[in-house]
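Here the structure comes first, spelled out in structure tokens, and everything after it is commentary.
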Amino acid sequence: MFSEPQFSSVSAILSIPIFPISSKSTSLSSTASHARTSTITLNSYLRSDVPPSLPPPPPPSPPPQSNITENYFQQQPQYRQMKIGKYFLEKTIGKGNFAVVKLATHCDTQQKVFNSILIDDLNPGDHKKLEREIAVMKSLIHPYIIRLYEVMESKNLIYLVTEYAANGELLDLLIREKRLSEPKAKEKFRQLVLAVEYIHSKNIVHRDLKAENLLLDSQGNIKVADFGFANVFYPDSKLQTFCGSPPYAAPELYQCLPYSPEKVDIWSLGVLLYVFVCGHLPFDSNNLADLRKRVLSGNYRLPFYLSSDCNSLISHMLTVDPNQRYTINDIKKHSWFTSHDSDVSDLTCQTQLVPNCQLTNAILDHAESLGYNRAQILKSVNGNSYDSDAAIWHLLLEKFQQACQIDSRTRPNVKILDGVFHF
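The sequence shown begins at 1 in full-length UniProt numbering and counts up by one.
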């Protein structure tokens with residue numbers, strides 16, 4: 001028996017871009033350019049019993065003047081204003097048919113954020129998908145996941161204010177460096193695994209883990225982004241919506257079989273670790289039928305320069321049989337992951353980072369000095385409101401943590417976990 005809670009019949013998920021679409025000249029970047037446009041739902045033409053036929057070629061791109069988003073926003077006087085709520089809008093980071101993503105600055109804290117601006121006249125199906133994506137983002141507060149700060153709505157537009165990743169996409173780092181050394185790959189991969197472990201602990205599956213959806217903050221830390229394909233699941237249940245990016249999709253997705261949500265993310269982690277240390281995809285083809293055949297065979301090449309431990313971990317994640325595939329706990333116990341495990345301890349502590357009483361009061365005092373109401377901040381954060389009062393808390397918390405480098409092992413009298421105050 002399998003089930004997928006909430007909107008399980010939806011065959012496609014609305015994804016909100018939060019990074020620029022770049023064009024590069026290397027082979028990895030050409031693959032990435034293809035991947036940026038190839039996130040799809042697979043159930044329309046992937047079958048386990050017959051080779052899939054390729055989807056029809058996409059229609060020609062409309063001329064620039066017909067871009068729905070640009071035309072709509074140009075007609076809206078409020079969009080031409082440089083300030084939206086508490087944010088000064090700056091350059092455009094990315095755009096799609098129904099969304100524009102701008103860099104913005106919070107007018108009180110001067111912190112950079114992403115401001116995703118969406119047209120609020122989506123069809124009912126797409127609107128439900130957007131609501132689900134927002135609900136998922138609200139439920140995830142973790143140092144290696146892009147944070148949602150604020151949601152604003154006007155008559156015609158929706159604004160999603162999220163954490164700014166100063167160093168852009170991990171993909172761009174891979175293109176610059178060709179591939180990552182094993183120590184550097186291990187640092188990034190550990191952070192990614194901890195983020196995915198946390199996501200799964202919330203009974204959420206990402207379903208679109210790929211290099212383009214991993215951002216880097218100013219310190220080079222991983223930030224998992226783009227939850228457009230994410231969904232909740234029940235423990236020990238299986239899902240049946242087939243979606244994702246083909247080069248990162250698990251074999252069971254190509255076979256249209258009910259699948260364990262955690263195991264499809266594990267496969268994607270295996271693809272990502274391979275990309276980190278090799279600089280290219282383990283399974284890749286411009287022909288979808290050929291790509292399907294390669295994924296189902298589970299055959300890929302491991303370069304000679306990889307350590308045996310790294311080879312071992314990759315092979316255990318890229319196991320075709322999901323029942324034999326590693327779990328998150330298996331990954332965390334693997335010798336490649338645990339070597340120099342003092343770093344792992346530090347990372348694990350960071351995931352439980354909470355402010356102590358002194359810092360909490362300092363943040364609230366500072367917010368009051370900026371004109372905010374202390375009681376209203378507490379009410380907004382406790383009420384999961386994601387308004388300007390909740391946003392100032394999260395922004396100042398981030399700013400104070402960066403400035404003071406607080407001890408994550410502190411046992412506070414007052415703390416916030418998952419956005420809720422506990423006294």
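Backbone N, C-alpha and C define an ideal beta-carbon position, used for all residues, glycine too.
In this text, all values refer to a predicted model and were calculated from it rather than measured experimentally.
Exercise for the section: Return helix, strand or coil for Pro5, following the three-state DSSP convention. Expected result: Interpretation of Pro5 is limited by its pLDDT of 41, a score under 50 that renders its predicted location unreliable; no figure is taken from the coordinates.
Practice task
For the alpha helix (DSSP H) holding Glu131, just list the boundary residues, first then last.
Solution key: 124-138
Practice task
Have a look at the DSSP bridge pairing and note the partners of Phe114.
Solution key: Note: Phe114 sits in a beta bridge opposite Leu103, Thr162.
Handout entry: Own chain residues within Cβ distance below 7 Å of Glu182, not counting five before or after
Key = Val277, Ser307, Cys310
Handout entry: Reduced DSSP secondary structure (H/G/I, E/B, other) of Phe276
Key = helix
Handout entry: Beta-carbon contacts of Ala166 that lie in its chain and below 8 Å, excluding the five residues immediately before and after
Key = Lys112, Leu216, Asp217, Ser218
Exercise for the section: Give every residue of the same chain whose Cβ lies closer than 6 Å to the Cβ of Ile158, excluding the five residues on either side of it in the sequence, and list them in chain order. Expected result: Excluding residues up to 5 positions away in sequence, Leu118, Asp120 lie with their Cβ nearer than 6 Å to the Cβ of Ile158 in the same chain.
Exercise for the section: Report all residues from its chain with a CB closer than 6 Å to the CB of Val264; omit the five preceding and five following residues, and keep chain order. Expected result: Ala250
Practice task
Have a look at Arg301 and Tyr144 and give me their C-alpha separation to the nearest angstrom.
Solution key: 30 Å
Problem - Separation of Thr109 from Ser245, as counted between CA atoms - result: 37 Å
Handout entry: C-beta atoms of Ile392 and Ala367 nearer than 8 Å
Key = Taking 8 Å as the Cβ cut-off, Ile392 and Ala367 qualify as a contacting pair.
Practice task
Quick one: using the 10 Å Cβ neighbour count with 16 as the cut-off for buried, is Cys107 buried or exposed?
Solution key: exposed
Problem - Reduced DSSP secondary structure (H/G/I, E/B, other) of Leu214 - result: strand
Handout entry: Nearest-angstrom Cα separation, counted from Lys223 out to Ser339
Key = 23 Å
Problem - First and last residue of the uninterrupted beta strand (DSSP E) at Glu150 - result: 148-153
Problem - Other residues of its chain near Ile328: CB distance less than 6 Å, five sequence neighbours each side excluded - result: When the five nearest sequence neighbours on each side are left out, the beta carbons in the same chain lying within less than 6 Å of the beta carbon of Ile328 are those of Glu197, in order along the chain.
Exercise for the section: Throw me the rounded Cβ distance for the Lys91 and Leu103 pair, which I believe falls under 8 Å. Expected result: 5 Å
Exercise for the section: Express the C-alpha separation of Leu291 and Phe283 in angstroms, rounding to a whole number. Expected result: When rounded, the distance between both Cα atoms is 7 Å.
Exercise for the section: Quickly, what does DSSP pair Leu239 with across the bridge? List them, please. Expected result: According to DSSP, which records beta bridges pairwise, Leu239 is partnered with Tyr259.
Exercise for the section: Give the range of the alpha helix (DSSP H) segment to which Leu194 is assigned. Expected result: The continuous alpha helix (DSSP H) containing Leu194 extends over residues 182-201.
Problem - Contacts around Glu252, its chain only, beta-carbon distance under 6 Å, and the 5 residues preceding and following it disregarded - result: Tyr259, Pro322
Handout entry: Alpha carbon of Phe114 to alpha carbon of Tyr164, nearest angstrom
Key = 5 Å
Exercise for the section: Have a look at the DSSP bridge pairing and note the partners of Leu89. Expected result: Ala104
Exercise for the section: Using three-state DSSP, classify Gly270 as helix, strand or coil. Expected result: The DSSP-derived three-state label of Gly270 is helix.
Problem - For Lys178, the first and last residue of its enclosing beta strand (DSSP E) - result: It is not in any beta strand (DSSP E) - Lys178 carries neither H nor E in the DSSP assignment.
Practice task
Would you check if the distance between the CB atom of Lys138 and the CB atom of Asn384 is smaller than 8 Å?
Solution key: yes
Problem - Of the listed residues Asn231, Asn213, Phe337, His334, nearest to Glu131 (C-alpha basis) - result: Asn231
Problem - the ligand FAD heavy atom lying under 7 Å from the CB of Lys238 - result: No copy of the ligand FAD appears in this structure; indeed no ligand is present at all.
Practice task
Could you spell out where the beta strand (DSSP E) holding Ile222 opens and where it closes?
Solution key: Here the beta strand (DSSP E) through Ile222 covers 222-224.
Exercise for the section: May I have the straight-line CA-CA distance separating Gly94 from Cys256, to the nearest angstrom? Expected result: 33 Å
Problem - Local conformation of Asn231 per DSSP, three classes - result: strand
Exercise for the section: Pick out whichever of Cys243, Pro247, Asp208, Leu173 has its Cα sitting closest to the Cα of Gly220. Expected result: Leu173
Handout entry: Residues near Gln191 by beta carbon distance below 7 Å, same chain, minus five either side
Key = Tyr144, Asn221, Ile222, Leu347
Handout entry: Reduced DSSP secondary structure (H/G/I, E/B, other) of Ile119
Key = strand
Handout entry: Residue from Leu140, His316, Glu153 with nearest C-alpha to Ser116
Key = Of the candidates Leu140, His316, Glu153, the one whose C-alpha sits nearest the C-alpha of Ser116 is Glu153.
Handout entry: For Ile145: DSSP bridge partner residues
Key = Val224
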